[in-house]
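Participant: First residue of the sequence shown: 0, per numbering that gives the first Met the number 0; consecutive thereafter.
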Amino acid sequence: MIELGPNLIERVAGKFDFDIFQQSPQAVGRLTRMVGLTMEAVGIELSVGHNCVVIDKDGRAIEAEVVGFDNDVSYLMPVQRIDGMQPGAKVLPTDRRSALVMGEHLCGRVINGIGRPLDDKGPLDELSRDDFKIQHINPLHRHPIDEPLDVGIGAINALMTVGKGQRIGLFAGSGVGKSMLLGMMTRFTEADIVVVGLIGERGREVKEFIDHILGEEGLKKAVVVASPADDAPLMRLRAAQLASRVAEYFRDRGRNVLLLMDSLTRYAQAQREIALAAGEPPATKGYPPSVFARIPELVERAGNAEQGGGSVTAFYTVLTEGDDLQDPIADSARAILDGHIVLSRALAEEGVYPAIDIEASISRVMPNIVSADKLAQAQNVKRLLSLYRSNRDLITIGAYSKGSDPALDEAIERHPALMDFVRQALGTGRNLEQSWVQLQHALTRKSADTNTAPAAPSPLRGQHEAGKRTLNSATNKPQET
Ligand SMILES: Nc1ncnc2c1ncn2[C@@H]1O[C@H](COP(=O)(O)OP(=O)(O)O)[C@@H](O)[C@H]1O
Ligand SMILES: [Mg+2]
0 MIELGPNLIE RVAGKFDFDI FQQSPQAVGR LTRMVGLTME AVGIELSVGH NCVVIDKDGR
60 AIEAEVVGFD NDVSYLMPVQ RIDGMQPGAK VLPTDRRSAL VMGEHLCGRV INGIGRPLDD
120 KGPLDELSRD DFKIQHINPL HRHPIDEPLD VGIGAINALM TVGKGQRIGL FAGSGVGKSM
180 LLGMMTRFTE ADIVVVGLIG ERGREVKEFI DHILGEEGLK KAVVVASPAD DAPLMRLRAA
240 QLASRVAEYF RDRGRNVLLL MDSLTRYAQA QREIALAAGE PPATKGYPPS VFARIPELVE
300 RAGNAEQGGG SVTAFYTVLT EGDDLQDPIA DSARAILDGH IVLSRALAEE GVYPAIDIEA
360 SISRVMPNIV SADKLAQAQN VKRLLSLYRS NRDLITIGAY SKGSDPALDE AIERHPALMD
420 FVRQALGTGR NLEQSWVQLQ HALTRKSADT NTAPAAPSPL RGQHEAGKRT LNSATNKPQE
480 T
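#1: Under three-state DSSP, which class holds V380?
#2: Closer than 6 angstroms by C-beta to A410: which residues in its own chain qualify, once you throw out the five before and the five after it? Chain order, please.
#3: With distances taken Cα to Cα, identify the nearest neighbour of V298 among P281, S226, A242.
#4: Please say whether G214 and M183 have beta carbons closer to each other than 9 angstroms?
#5: Check each candidate in G107, H142, T283, L99 and name the one with the smallest Cα separation from Q306.
#6: Can you check which of these residues, T312, I110, I113, L30, is closest to G83 by C-alpha distance?
#7: Following a CB-centred definition, is A424 positioned closer than 8 angstroms to any heavy atom of ligand 1?
#8: Flag this pair as yes or no: are the beta carbons of P116 and V369 separated by less than 9 angstroms?
#9: I79 to Q378, Cα distance in whole Å?
#10: Tell me the DSSP bridge mates of L374?
#11: Among the candidates I43, L105, L259, T188, whose CA atom is the shortest distance from the CA of S178?
#12: Tell me the DSSP bridge mates of G402?
#13: If you draw a straight line from the alpha carbon of L197 to that of T264, how long is it in whole angstroms?
#14: Given that a residue counts as buried once 16 or more other Cβ atoms are within 10 Å of its Cβ, and exposed if not, what is T443?
#15: Leaving aside the five residues before and after A335 along the sequence, list all residues of the same chain whose C-beta is less than 6 angstroms from its C-beta, in chain order.
#16: Measuring straight from C-alpha to C-alpha, what distance separates P281 and D326?
#17: Nearer than 8 angstroms: is that true of the beta carbon of D261 relative to any heavy atom of ligand 2?
#18: Looking at Q116 and ligand 1, is the gap between the Cβ and the nearest heavy atom below 8 angstroms?
#19: Measuring straight from C-alpha to C-alpha, what distance separates S472 and E216?
#20: Closer than 9 angstroms, CB to CB, is A190 near chain C or not?
#21: For S389, which of N255, L431, S403, L407 has the nearest alpha-carbon?
#22: With a 10 Å radius around its C-beta and 16 neighbouring C-beta atoms as the bar for buried, classify S134 as buried or exposed.
#23: Can you tell me whether S331 is helix, strand or coil according to DSSP?
#24: Pull up the CB-CB distance for G309 and D251, whole angstroms please, since I reckon it's below 8 angstroms.
#25: If I measure Cβ to Cβ from A274 and keep anything under 7 angstroms in the same chain, skipping five residues before and after, which residues do I get?
#26: Can you look up Y387 in the DSSP assignment and give me helix, strand or coil?
#27: Whole angstroms is fine: what's the gap from Q433's alpha carbon to G153's?
#28: Considering only residues of the same chain and omitting the five flanking positions on each side of V175, which have a CB-CB separation below 6 angstroms?
#29: According to DSSP, K89 sits in a beta bridge with which residue or residues?
#30: Helix, strand or coil: which one does DSSP assign to V245?
#31: Is K177 close to ligand 2? I mean its beta-carbon at under 8 angstroms from any heavy atom of the ligand.
#32: Identify whether S434 lies in helix, strand or coil by the three-state DSSP scheme.
#33: Can you tell me whether DSSP reads M76 as helix, strand or coil?
#34: Would you mind stating whether E39 and C51 have Cβ atoms separated by less than 9 angstroms?
#35: Would you mind working out which of R237, L158, P138, S362 sits nearest G48, comparing C-alpha positions?
Quick look at the structure:
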């Protein structure tokens, strides 16, 4: 049996602020094996999901979680990166997970997956602590999605209106503009608080997102939980869970929260690493079954609270590798989300940003939250764009002669105005009303009268005058000049 002197407990507990509960010396285990990231320990009888700390002879200590067991052997995964552990290192149960800092003061901060600050704005005030437990809301008690949320993006607001409490997938390959779009939403949405989960991104991207895409203004009403790709898989997993927890915290205080998770695919990959390391057999494309259980578990946490409470509207980005929408993660995500927005590489290459593929995107709750004529208008736009696309080759080689098909004539005439409507400069936001007015204008404007200004700024003007429209630093809303 390993004897654990009181000094060691104090030293470790002081250093890491763990609450080590050691009822009996038997609770101390010993490391017997380590392969890759998986550690095997004997002598601890902890349930799966429990936390412990592994301490070696040199006093190095790392946090770990029990991810499985086999008879007397417990499998542990580190929460942080390990720089070497010896056989025989001590394993102590801890209570760290119930010690997350939570509260209003998280606004404007960047934290990691275990709630410690990554920015240099000083330590977090430990006013209120929170446990990590998932609070299940009876689905029958949730307030229905019946109100639109302004996300600040014209094409989304008018053509795939998002409802408060909706969960949407943002499907795209890499480099098509997901992060930029999330950044625009953070700055221009009317939501009270934005919680951004940056999971498994490159470290450089995390910094870029915070410094350039969000900026000082965007960060003010945002909480960023970041876990870059080089973090241990457990840390990445926890960052996604913590972001959801923070969103729930504000929702439970009656706020309308926008949760942006970038990306769900990296979350699934982190779970894949953990599950494979713990010995779970792979099933679909190398993903073990537990991955497909983890996705709904995370996604179901977003949504509305009970009647009268706040809401968590969530966007989850899904990487479609090689722009393949058939990836098992994309499939599984699409099935459980209430809508998806697809970013198209072809549009991005044409310089249409945000590169939203209107035809392929859908908001499943839109019929419940907008009037019948707005819905009909959105469907009309899809019809026109789809007609244009299927005849595009004919049109571009000049094989189509005007007048043969009135519907196609209309599609051709409207196409430039509709593309202008989709385009939105990085520094400008469009609220719901502006979005509808501009869409109306794009659908009715004669191709020759682009100079006649409508009541609300036209998409064309929005583009041309992008430089002139500035952010009001007080409200963080675009100002007309
Ligand atoms: N709204 C936009 N306006 C102009 N350029 C954009 C816009 N969105 C994306 N881009 C271009 O696309 C690149 C990749 O965007 P990013 O959001 O980082 O992609 P992803 O997160 O999908 O990998 C950017 O560096 C930028 O050059
Ligand atoms: Mg990105």
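Think of the CB as a built atom: it goes at the ideal place given N, C-alpha and C, for glycine as much as any other residue.
Facilitator: Quick answer:
#1: On the sequence shown, position 381 is the one that residue 380 refers to. Helix.
#2: Counting from 1 along the sequence shown, the entry for residue 410 is found at position 411. If we look at A410 and ignore the five residues flanking it on each side, its Cβ neighbours are L383, L386, Y387.
#3: Translated into positions along the sequence shown, residue 298 becomes position 299. Closest option to V298, Cα to Cα, is A242.
#4: Working through the sequence shown from its first residue, we reach residue 183 at position 184. Working through the sequence shown from its first residue, we reach residue 214 at position 215. Not closer than 9 angstroms, so no.
#5: Your numbering for residue 306 matches position 307 in the sequence shown. The shortest C-alpha separation from Q306 is found at H142.
#6: In the sequence shown, the residue the question calls residue 83 occupies position 84. If we check each option's Cα against that of G83, L30 comes out closest.
#7: The sequence position of residue 424 within the sequence shown is 425, counting from 1. Checking the Cβ of A424 against ligand 1 gives yes.
#8: Position 117 of the sequence shown, counted from the start, is the residue given in the question as residue 116. Position 370 of the sequence shown, counted from the start, is the residue given in the question as residue 369. Result no, Cβ atoms of P116 and V369 do not sit closer than 9 angstroms.
#9: For the purposes of this step, residue 79 is taken as the residue at position 80 of the sequence shown. For the purposes of this step, residue 378 is taken as the residue at position 379 of the sequence shown. Reading the sequence as shown, one finds Gln at residue 79 and not Ile. Taking the straight line from one Cα to the other gives about 49 angstroms.
#10: The residue you call residue 374 lines up with position 375 of the sequence shown. None, per the DSSP bridge assignment.
#11: Residue mapping note: residue 178 aligns to position 179 of the sequence shown, counting from 1. For the residues I43, L105, L259, T188, the minimum Cα distance to S178 belongs to L259.
#12: Counting from one through the sequence shown, the residue named residue 402 turns up at place 403. According to DSSP, G402 bridges with nothing at all.
#13: For this step, residue 197 is matched to residue 198 along the sequence shown. For this step, residue 264 is matched to residue 265 along the sequence shown. Those two C-alpha atoms are separated by around 11 angstroms.
#14: Residue 443 sits at position 444 when you count from the first residue of the sequence shown. Exposed, since its Cβ has fewer than 16 Cβ neighbours within 10 Å.
#15: Within the sequence shown, the letter at position 336 stands for residue 335. The displayed chain sequence assigns Ile, not Ala, to residue 335. Around I335: P295, V298.
#16: Sequence index remark: in the sequence shown, residue 281 carries index 282 (1-based). Sequence index remark: in the sequence shown, residue 326 carries index 327 (1-based). Each residue's alpha carbon lies about 15 angstroms from the other.
#17: Within the sequence shown, residue 261 is the residue found at index 262, counting from 1. Yes, since a heavy atom of ligand 2 falls inside the 8 angstroms radius drawn around the Cβ of D261.
#18: As a working note, residue 116 is residue 117 in the sequence shown. According to the sequence as given, residue 116 is Pro; it is not Gln. Checking every heavy atom of ligand 1 against the Cβ of P116, none is found closer than 8 angstroms.
#19: Position 473 of the sequence shown, counted from the first residue, corresponds to residue 472. Position 217 of the sequence shown, counted from the first residue, corresponds to residue 216. With a pLDDT of 41 at S472, under the threshold of 50, the modelled position of that residue is not reliable, and the figure given next carries that caveat. Cα-Cα distance, rounded: 7 angstroms.
#20: Absent from the structure is chain C; it holds one protein chain and no more.
#21: As a position in the sequence shown, residue 389 is number 390, starting the count at 1. Nearest C-alpha to S389: L407.
#22: Within the sequence shown, numbered from 1, the residue matching residue 134 stands at position 135. Here the sequence assigns Gln to residue 134, which means Ser is not the residue at that position. Per the 10 Å Cβ criterion, exposed.
#23: Your numbering for residue 331 matches position 332 in the sequence shown. In this structure, S331 counts as helix in the three-state DSSP scheme.
#24: Counting from 1 along the sequence shown, the entry for residue 309 is found at position 310. Counting from 1 along the sequence shown, the entry for residue 251 is found at position 252. Correct: roughly 7 angstroms between the Cβ atoms.
#25: By one-based count along the sequence shown, residue 274 stands at place 275. Contacts found: P287, S289, V290.
#26: For the purposes of this step, residue 387 is taken as the residue at position 388 of the sequence shown. Helix at Y387.
#27: Your numbering for residue 433 matches position 434 in the sequence shown. Your numbering for residue 153 matches position 154 in the sequence shown. Between Q433 and G153, the C-alpha separation is close to 8 angstroms.
#28: The sequence position of residue 175 within the sequence shown is 176, counting from 1. L342, R344, A347, A354.
#29: By 1-based counting over the sequence shown, the position of residue 89 is 90. R29, I54.
#30: The residue you call residue 245 lines up with position 246 of the sequence shown. Residue state, collapsed to three classes: helix.
#31: Within the sequence shown, numbered from 1, the residue matching residue 177 stands at position 178. Correct: K177 has its Cβ closer than 8 angstroms to ligand 2.
#32: Position 435 of the sequence shown, counting from 1, holds the residue named residue 434. Three-state DSSP puts S434 in a helix.
#33: Locating residue 76 in the sequence shown gives position 77, where the first residue counts as 1. Here M76 sits in strand by DSSP.
#34: Taking the first residue of the sequence shown as 1, we reach residue 39 at position 40. Taking the first residue of the sequence shown as 1, we reach residue 51 at position 52. Taking 9 angstroms as the Cβ cut-off, E39 and C51 do not qualify as a contacting pair.
#35: In the sequence shown, residue 48 corresponds to position 49, counting from 1. Closest option to G48, Cα to Cα, is R237.
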